[in-house]
Each structure stands twice: as C-alpha cells, then as structure tokens.
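> One structure, as structure tokens, below. Some questions next.
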Amino acid sequence: MEKELGEASQPFERVAQAYEQMLVPALFDQWTDTVADAAGVREGQRVLDVACGTGVLTRTLAQRVGEQGAVSALDINPAMLTVARARGPQTVDWKQGAAGALPYGDGQFDAVVSQFGLMLFPDPEMALREMMRVVVPGGRLAVAVFGSLDKLPAYAAVADIYARVVGENVGQALRSPFALGDPEALASCFAEAGIDDVVLTGGNGKAHFPDVTTMILSDVRGWFPFAGIRLDDQAIERVIREAERALARFSGPDGAVEFAIPVHIATALKA
Ligand SMILES: C[S@@+](CC[C@H](N)C(=O)[O-])C[C@H]1O[C@@H](n2cnc3c(N)ncnc32)[C@H](O)[C@@H]1O
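Heads up, the sequence shown is in our numbering, so the first residue is 34 and it goes up one at a time.
Here it is in structure tokens:
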C-alpha cells in the first residue's frame, strides 16, 4: 500500500524533497530547539508534532525524549510524510491526517508542538482545540508562526512581484504564511479556541538563501506545486530578474540573501 502511494505521488515527492533541501535550511531548521524548549520537551515524554512536514522539528523531539519517550508526527500531505519517513527516525509514529480532526485520544501527550502550520489550516481555532484536547492536564502546547508581512519587506516585495508578473493569486499564496503574524490576531485565535492564558514570546530569526535564484526556486519547486501553482520558465526568469533588483539591499557581496524574519511562539499550559 505504501509503495503504491509512493509511486502515485512521485512528482509531489520531488516537491517535498525540494522543500526539505531548500526551504528547511533557509527558514525552518533554526526554530526547532526554541519550540521544543517552549513546550518543555524532555526525556521520557510522549510528544506530538502537528503539521510535521518533512520532520525537521520531529527529529529534534525524538532526540530530546530519547528511548524512554515516544514521538508522534502528523501531516496532511502524504508526499511530505514519505520524505519524513525516509529520513527517520523509524521510532516516530508518522501519520497522515488533518490538524482539525486529530486521530489521537484525549490527554495522550505530555506536549504538543506545531511550527509554521497553524496559519495554513482551514480552521485554525478547531486545530488549536484539537491540539489542547490531546494534551494531558499539566502538559504544554507550543505553536510557532511567522510575524506579519509588514515586518518582512523582502517577502512583501517578492509577493508583489508575483502578483504583478504572474497573477494576484500567486501573490496571495506567498502572503498566506504570514496571515497570523499580528500578535493580537494570534492571541484572539487562541481565545476563540477557548485558550485564554496564552503566552506569546519569539524574536527574530534569519532567513538565509545562497542567492536570489535559490530563494525564488525554493517556493517554485518546494511549495507552489502543492498549492496547484506551476510557473513556466519565462515567468520564473522574469520573477528572478525583478527580485534581484528588489532584494539588492538584502544581498551580500557573495550574492547570498539574508534578512530578519520575525516569529511568534504561542505557549499554553493545560489546566
Ligand atoms: C510550512 S510547512 C511546515 C512544516 C514543518 N513543521 C517544518 O517546520 O518544516 C506547513 C505544513 O503544514 C501542513 N498542513 C497544511 N494544512 C494542514 C492540515 N490541515 N493538517 C495537517 N497538516 C497540514 C503542510 O502539509 C505542510 O507540511
């Protein structure tokens, strides 16, 4: 069954591999210890990673809980899970499923974590309610989201370029990961999920791409196809040319693109 699934979704597996190779080191890898710390993850615990993607946070969790602990990881996208499973570790219970209907029992985990998925869920409040449901009383939930686009001029500029060169829908796709970046919007999302005593922390991370072409191709190859967006070579060339001009102030002498990327970590304790 798993082999059939793998063969059927091969083009999407290439997308998931591009995500792992291009986007994870540029944006996601740097947050795993902070999120695990926020949830107080330690040896021997049972921990769940929601929207695990290719498993970058899951692997940090597995190291922390050790052989006496247990890690579960869930994502809606089978291609992401195929890449995650291949990287391991094999001890993780990888599952396909939706954050809004978690396939786990009440109070099954000492900690539940999720990084950079909440703003993409169709019903984030429902997902938060589900995540709290599966935390044991006294356990912790920690969720990371990007700050808003008005604090991120580099991605704001690239989103505008996509909107102008390719279409407003592609500009909107690039804006969507920043949709819960306003701290008040994030806190009210938790409040609507019945979680009032949320604590918001965070800070600036650093986005780092070897060059502008890699930054553009990381979305074109590692994410857009999952959203049904495919660009022809001419459009890609135009976007890269315009992005090279727009991102000049973020580019170093070696061509590397670097800019601060604000992140909020929302933490809640289950009573
Ligand atoms: C930006 S990626 C983050 C992945 C991973 N946490 C990381 O840090 O690399 C967002 C992930 O959310 C997953 N996702 C989106 N909607 C989902 C849903 N409703 N339920 C579960 N996962 C979902 C996507 O498949 C994707 O893997």
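The beta-carbon is built from N, C-alpha and C at its ideal position, and this holds for glycine as well.
Express the C-alpha separation of G214 and S221 in angstroms, rounding to a whole number.
Position 188 of the sequence shown holds residue 221. Position 181 of the sequence shown holds residue 214. When rounded, the distance between both Cα atoms is 12 Å.
> In or out: E35 buried (at least 16 other Cβ within 10 Å) or exposed?
By 1-based counting over the sequence shown, the position of residue 35 is 2. Confidence is the limiting factor: at E35 the pLDDT is only 35, short of 50, which leaves the residue's position unreliable and the question unanswerable from this model.
> Keeping to the same chain, check which residues put their C-beta closer than 8 Å to that of E46; ignore five residues upstream and five downstream.
Here the question's residue 46 lines up with position 13 in the sequence shown. These residues qualify, in order along the chain: G39, A112, T115 and V116.
> With respect to the beta strand (DSSP E) encompassing Q148, which residues constitute its N-terminal and C-terminal limits?
Position 115 of the sequence shown, counted from the start, is the residue given in the question as residue 148. From DSSP, the beta strand (DSSP E) with Q148 extends over F142 to Q148.
> Exposed or buried, what is A160 when buried is set at 16 or more other beta-carbons lying within 10 Å of its beta-carbon?
On the sequence shown, residue 160 is found 127 positions in, with the first residue counted as 1. So A160 ends up on the buried side.
> With respect to the beta strand (DSSP E) encompassing G236, which residues constitute its N-terminal and C-terminal limits?
By one-based count along the sequence shown, residue 236 stands at place 203. Start and end: V232 to F242.
> Alpha carbon to alpha carbon, what distance is there between R271 and V232?
For the purposes of this step, residue 232 is taken as the residue at position 199 of the sequence shown. For the purposes of this step, residue 271 is taken as the residue at position 238 of the sequence shown. If you take the alpha carbons of V232 and R271, they lie about 43 Å apart.
> Give the range of the alpha helix (DSSP H) segment to which P111 is assigned.
On the sequence shown, position 78 is the one that residue 111 refers to. Start and end: P111 to R120.
> When you compare only the Cα positions, how much space is there between Y52 and T87?
Taking the first residue of the sequence shown as 1, we reach residue 52 at position 19. Taking the first residue of the sequence shown as 1, we reach residue 87 at position 54. Rounded to the nearest angstrom, the two C-alpha atoms are 8 Å apart.
> Is it the case that the CB of M165 approaches a heavy atom of ligand 1 more closely than 7 Å?
Position 132 of the sequence shown, counted from the start, is the residue given in the question as residue 165. Flag unset: Cβ of M165 not near ligand 1.
> With Q63 as the anchor, note down where its beta strand (DSSP E) starts and where it stops.
Taking the first residue of the sequence shown as position 1, residue 63 is located at position 30. Counting along the chain, Q63 falls outside any beta strand (DSSP E), and DSSP gives it neither H nor E.
> Can you tell me whether DSSP reads L207 as helix, strand or coil?
As a first step, residue 207 is located in the sequence shown; it is residue number 174 there, counting from the start. It is helical.
> Would you identify the three-state DSSP class for D82, choosing helix, strand or coil?
Within the sequence shown, residue 82 is the residue found at index 49, counting from 1. Three-state DSSP puts D82 in a strand.
> Go ahead and pull the three-state DSSP assignment for S251.
As a working mapping, residue 251 is identified with position 218 in the sequence shown. Looking at S251 - three-state DSSP - the assignment turns out to be helix.
> Considering only their Cβ atoms, is the gap separating A192 from R208 smaller than 8 Å?
As a position in the sequence shown, residue 208 is number 175, starting the count at 1. As a position in the sequence shown, residue 192 is number 159, starting the count at 1. Taking 8 Å as the Cβ cut-off, R208 and A192 qualify as a contacting pair.
> For A260 and V48, I'd like the C-alpha separation in whole angstroms.
Residue numbering aside, residue 260 sits at position 227 when the sequence shown is read from its first letter. Residue numbering aside, residue 48 sits at position 15 when the sequence shown is read from its first letter. So the two alpha carbons sit approximately 11 Å from each other.
> Can you have a look at R282 and say buried or exposed, based on whether 16 or more other CB atoms are within 10 angstroms of its CB?
Walking along the sequence shown from the start, residue 282 turns up at place 249. By the neighbour-count rule (16 or more Cβ atoms within 10 Å), R282 is not buried but exposed.
> Strictly closer than 5 Å from CB to any heavy atom of ligand 1: give me those residues in the order they appear in the chain.
F61, A84, G86, V89, D108, I109, N110, M113, A131, A132, Q148, F149, G150, L153 and F154
> Which residue marks the beginning of the beta strand (DSSP E) containing T300, and which one marks its end?
Taking the sequence shown and counting its residues from 1, one reaches residue 300 at position 267. V290 to L302 is the span of the beta strand (DSSP E), which, as asked, contains T300.
> Using 8 Å as the threshold, is the C-beta distance between V125 and T91 below it?
Counted from its first residue, the sequence shown places residue 125 at position 92. Counted from its first residue, the sequence shown places residue 91 at position 58. Less than 8 Å divides the Cβ of V125 from the Cβ of T91.
> Excluding five sequence neighbours on each side, which residues of the same chain lie with their C-beta closer than 8 Å to the C-beta of V167?
Mapped onto the sequence shown, residue 167 falls at position 134. Cβ within range, chain order: L81, L135, Y137, G138, D139, G140, Q141, F142 and V145.
> May I ask which residues mark the beginning and end of the alpha helix (DSSP H) holding S181?
Your numbering for residue 181 matches position 148 in the sequence shown. S181 -> no alpha helix (DSSP H), and no H or E assigned at all.
> Straight-line CA distance for E158 to G133?
Residue mapping note: residue 158 aligns to position 125 of the sequence shown, counting from 1. Residue mapping note: residue 133 aligns to position 100 of the sequence shown, counting from 1. Each residue's Cα considered, the two are about 8 Å apart.
> Grab me the residues of V176's own chain with a C-beta within less than 6 Å of its C-beta, minus the 5 sequence neighbours each way, in chain order.
One-based indexing of the sequence shown puts residue 176 at position 143. Cβ neighbours of V176 beyond the five flanking positions: S147, L151 and A299.
> According to DSSP, which residues form a beta bridge with D126?
Here residue 126 is taken as the residue at index 93 of the sequence shown, counted from 1. According to DSSP, D126 bridges with S105.
> Quick check on Q78: buried or exposed, where buried means 16 or more other Cβ atoms within 10 Å of its Cβ?
Here residue 78 is taken as the residue at index 45 of the sequence shown, counted from 1. With 16 or more other Cβ atoms within 10 Å, it is buried.
> In whole angstroms, what is the alpha-carbon distance linking V74 and D244?
Numbered from its first residue, the sequence shown carries residue 74 at position 41. Numbered from its first residue, the sequence shown carries residue 244 at position 211. C-alpha separation (whole angstroms): 35 Å.
> Using C-beta distances below 6 Å, list every residue in its chain close to R254, excluding the 5 sequence neighbours before and after it, in chain order.
Position 221 of the sequence shown, counted from the first residue, corresponds to residue 254. Excluding positions up to five away in sequence, the list reads A51.
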